[in-house]
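**Student:** Dropping a structure here in structure tokens format, bear with me for questions.
Numbering (this note's numbering), first residue to last: 174 to 405.
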């Protein structure tokens, strides 16, 4: 009986190690497989931004634009400070419990991590209202056409869970005075992370990206921050 248990434990450990190795190999291979932006005849004169904190990416867009206004889905009034001077909206998607209960890595528990990668929790959208977009190595500027921007905005807007045509803010949930959380559609899991979400939305409109990645640095590397410098 003891030998059977040992064999079973070794088999389980070996299987888990194999899964980790395959996952890592897929992330490296597909995360370095660049998808080039589609060049069309349309004028690309709208700038959207990819913003990273090192582990997570947000997509930042104009709060108001003739092609799409975000206030139907997310309002600065849902923030703690009102954000009266906001000109941009930065949206990120992820595991609801992780967002709300893990504001820092020191707050992370094994149970939260396992439930997140297993897709057992609901999801949320973290929305920040920005007066300006930061100019640094963790920000990439991406120019798109009006058609691409409209498609991007509508695709992201579809991730807001709604009732009776209205988004559902998570009351009292804030990291700062200029942000808010909203209930979201979709499931976060090991193969569909916050960075997978950002990468997918940019690929869907032909803006470029990578084949697949769970990691922020792979998405950011597809859109070098030097693009921001070239813009000035």
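Ideal Cβ placement from N, Cα and C applies to all residues, glycine included.
Quick check on residue 394: does DSSP put it in helix, strand or coil?
**Tutor:** If you number the chain shown from 1, residue 394 lands on position 221. Helix, per DSSP.
**Student:** Please confirm whether residue 305 and residue 344 have their CB atoms less than 8 Å apart.
**Tutor:** The residue labelled residue 305 in the question sits at position 132 within the chain shown. The residue labelled residue 344 in the question sits at position 171 within the chain shown. Cβ atoms of residue 305 and residue 344: not closer than 8 Å.
**Student:** So the candidates are 199, 210, 281; which of them puts its Cα closest to the Cα of residue 377?
**Tutor:** The sequence position of residue 377 within the chain shown is 204, counting from 1. The option with the nearest alpha carbon to residue 377 is 210.
**Student:** Within 8 Å, do at least three Cβ pairs link the region 236-255 to the region 283-293?
**Tutor:** no
**Student:** For residue 335, which option in 355, 394, 264 has the closest C-alpha, if you only look at C-alpha atoms?
**Tutor:** Here residue 335 refers to the residue found at position 162 when the chain shown is read from its first residue. Nearest C-alpha to residue 335: 355.
**Student:** For the region 265-333, which segments carrying the alpha helix (DSSP H) assignment without a break, of at least 4 residues, lie completely within its bounds, in sequence order?
**Tutor:** 269-274, 283-290, 319-330
**Student:** Using C-beta distances below 8 Å, list every residue in its chain close to residue 391, excluding the 5 sequence neighbours before and after it, in chain order.
**Tutor:** Looking up residue 391 in the chain shown gives position 218. Result list for residue 391: 200, 204, 205, 368, 372, 383, in chain order.
**Student:** Can you say whether residue 307 is buried or exposed, counting buried as having 16 or more other CB atoms within 10 angstroms of its CB?
**Tutor:** Translated into the one-based positions of the chain shown, residue 307 becomes position 134. So residue 307 ends up on the exposed side.
**Student:** Given this structure, state the Cα-to-Cα distance separating residue 361 from residue 227, to the nearest angstrom.
**Tutor:** Indexing the chain shown from 1 puts residue 361 at position 188. Indexing the chain shown from 1 puts residue 227 at position 54. About 19 Å.
**Student:** In chain order, which alpha helix (DSSP H) runs of at least 4 residues are fully inside the region 346-395?
**Tutor:** 367-377, 389-395
**Student:** Would you kindly work out how many angstroms separate the C-alpha atoms of residue 352 and residue 320, rounded to a whole number?
**Tutor:** For the purposes of this step, residue 352 is identified with residue 179 of the chain shown, where counting begins at 1. For the purposes of this step, residue 320 is identified with residue 147 of the chain shown, where counting begins at 1. C-alpha separation (whole angstroms): 28 Å.
**Student:** Can you give the Cα-Cα distance for residue 246 and residue 359, rounded to whole angstroms?
**Tutor:** As a first step, residue 246 must be located in the chain shown, where it is residue number 73. As a first step, residue 359 must be located in the chain shown, where it is residue number 186. If I take the Cα positions, the gap works out to 17 Å.
**Student:** List the DSSP bridge partners of residue 225.
**Tutor:** For this step, residue 225 is matched to residue 52 along the chain shown. Per DSSP, 230.
**Student:** Between the C-alpha atoms of residue 232 and residue 284, what's the straight-line distance to the nearest angstrom?
**Tutor:** Working through the chain shown from its first residue, we reach residue 232 at position 59. Working through the chain shown from its first residue, we reach residue 284 at position 111. Cα-Cα distance, rounded: 28 Å.
**Student:** From residue 288 to residue 274, what does the alpha carbon distance come to, in whole angstroms?
**Tutor:** Along the chain shown, read from residue 1 onward, the residue named residue 288 stands at position 115. Along the chain shown, read from residue 1 onward, the residue named residue 274 stands at position 101. Approximately 13 Å between the Cα atoms of the pair.
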